[in-house]
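Okay, so the sequence shown: first residue is 291 according to our numbering, each after it adds one. In this text, a Cβ means the ideal position worked out from N, Cα and C, and glycines have one as well. Taking it in order: structure first as structure tokens, then the write-up.
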Amino acid sequence: MSILVDENTKVLVQGITGGFGGKHAQLSLDYGTQIVAGVTPGKGGQTFGEKTPVFDTVSEAAGETGATVSAIFVPPPFAADAILEAVDAELDLVVCITEGIPVADMMRVKEIMKGSKTRLIGPNCPGIVTPGRGENSHGGCRIGIAPGYIHKRGNVGVVSRSGTLTYEAVYQLTELGYGQSTCVGIGGDPINGTSHLDVLKMFNDDDETEAIIMIGEIGGNAEAEAARWAKENCKKPIAGFIAGATAPPGRRMGHAGAIVGGEEDTAEAKKKILAECGIAVSETPSDMGKTLVGML
């Protein structure tokens, strides 16, 4: 098994005719992902690449191709409406890569999504990768911008707010001989869809996932919430890393959500909570893989 997506998942790409969206749609196709459609209003009837059809609307694309998941590469002013169009089409999952969506727009999206069947990953995230079972793990499902070639099919789940640190953890695991079940970048914005806790619960229930790396950063209480749940409920070893140890209080560091606002928002406070909850904490990003392997 894997969580959220697998090699059979049919994916459509909103913004496939843009330069960034098109580049990563092609990389996903090369990885073996079933990119079955693109969506760009006004460009329906065109074809992307050799044979991927482009539609004017998400509902039309899903109805014609059976796509259940959308990857969004739409510019920030239009991204919120793109998410809501996918929600209206009742897709199972929306992965929003777009960075810089206004907070007010995401507040509107969160409110409208209450009670819907659609799960949102992101925004401002690298996406999801479930490595394949073919040669060199080809044939998996890559949604987003992660470098597919560093992934290897295996039994470690990875969840992270940081794209770069997701890739770093994956690369370290692969170099150490440990593959991944699914890697989920949940994004660094203050208002996002899926949390660390949501993903930990899915990994805990996934038979293929035997261990977990959880990567967080300063700002918010999502990591503490997940760690406290894991202490009482998670049956699998978890290694953690918290970025931002040297960040000055009050200064936003990179991600929109990475700003210290309370006592539990600092890196030191989060690392202390993780350790108290039985999570092995890596002091540097270069030791994330070794820290987990040391628990196995």
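Just verifying my parser: in three-state terms, what is the DSSP assignment at residue i?
i, result
"K526", "coil"
"L410", "strand"
"I402", "helix"
"L294", "coil"
"E507", "strand"
"P343", "strand"
"R443", "strand"
"V377", "helix"
"L302", "strand"
"L586", "coil"
"I563", "helix"
"F493", "helix"
"F531", "strand"
Report back the beta-carbon spacing between residue i and residue j to the nearest angstrom; my notes put them in contact at under 8 Å.
i, j, result
"E507", "S452", "6 Å"
"G444", "G322", "With 8 Å as the limit, G444 and G322 do not qualify as a contact, their Cβ atoms being about 17 Å apart."
"T420", "S292", "4 Å"
"L294", "T472", "6 Å"
"K300", "G356", "5 Å"
"T456", "I505", "7 Å"
"Q470", "K442", "7 Å"
Of the residues the options, which one's Cα is nearest the Cα of residue i?
i, options, result
"T307", "E297, L455, A327, V295", "A327"
"G579", "E465, A533, G305, I476", "E465"
"K404", "N414, T388, V377", "V377"
"V384", "F310, G475, G568", "G475"
"G332", "T347, E566, E354, E498", "T347"
"D296", "K561, G534, E498, K562", "E498"
"F310", "A361, K407, K561, A370", "A361"
"H486", "G305, I503, D496, N298", "I503"
"K561", "H545, V583, I532, G584", "I532"
"V329", "D320, H314, F363", "F363"
"I435", "A516, L410, S318, G305", "S318"
"T388", "A379, I402, G417, E375", "G417"
"Q324", "S406, Q470, G429", "G429"
"A535", "K525, V489, A559, C524", "A559"
For residue i, collect the residues of the same chain with a Cβ closer than 7 Å to its Cβ; drop the 5 residues on either side in sequence, then sort them by chain order.
i, result
"I481", "V393, M396, M397, K400"
"T337", "P343, V344"
"L586", "A501, P527"
"Q316", "G339"
Which residues in the same chain as residue i place their Cβ atom closer than 8 Å to its Cβ, once the five residues preceding and following it in sequence are excluded?
i, result
"G568", "A520, K521, I528"
"V359", "V295, T299, K300, V301, L302, L381, D382, L383, V384, V385, I433"
"I391", "P366, A369, A370, P413, N414, D479"
"A570", "P527, I528, A529, G530, T581, L582, G584, M585"
"Y439", "N426"
Among residues of its own chain, excluding the 5 on either side of residue i, which ones have a beta-carbon nearer than 6 Å to its beta-carbon?
i, result
"Y468", "G444, V446"
"E458", "P575"
"L564", "A517, G530, V571"
Any beta carbon of chain C sitting closer than 7 Å to that of residue i?
i, result
"A376", "The structure shown has no chain C; it contains just one protein chain."
Kindly examine the ligand COA and report whether one of its heavy atoms sits closer than 6 Å to the Cβ of residue i.
i, result
"M291", "Among the components of this structure there are no ligands whatsoever, and the ligand COA is therefore not found."
Problem set entry | Those runs of the beta strand (DSSP E) which lie wholly inside the stretch 308-341 and span at least 3 residues | Here the runs fully enclosed are 324-329.
Problem set entry | Length at least 3, wholly inside the stretch 428-481: the beta strand (DSSP E) runs in chain order | Counting only runs of 3 or more, we get 431-434, 443-450, 470-475.
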